[in-house]
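First the structure, in the form of structure tokens, and then the observations on it.
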Amino acid sequence: MLALAGCAARPVAETVRLPVFAPCIAAVPVKPDYEFGKLAMAAPDGEKILALARDWPRARWYEGQLEAALAGCR
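Going by the numbering used here, the sequence shown opens with residue 189, and the numbers climb by one from there.
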């Protein structure tokens with residue numbers, strides 16, 4: 189009879205939830221190599237404008253990749 193009484197008094201197991209650090213960004217996109225950054229300071233204005241125009245799509249693509257990577261953090 190005592191053995192049965194001992195089983196009835198067993199404590200209930202509790203579940204404790206603790207926050208655990210997990211990185212929200214799996215992979216960081218590679219930063220593009222911008223043409224404008226390679227130009228000399230004395231480069232003509234036309235070259236600078238053309239370099240900026242060619243860099244624009246790269247910058248938009250990179251920005252989109254960064255936003256997609258950060259979307260997992262919200």
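Quick reminder that beta carbons are idealized off the backbone N, C-alpha and C, glycines included.
{"Check": "Bounding residues of the alpha helix (DSSP H) (the contiguous stretch that carries P220)", "Outcome": "From DSSP, P220 is part of no alpha helix (DSSP H); its letter is neither H nor E."}
{"Check": "Contact check, I213 vs A259, beta carbons under 7 Å", "Outcome": "no"}
{"Check": "N-terminal and C-terminal residue of the alpha helix (DSSP H) that R242 is part of", "Outcome": "D233 to A259"}
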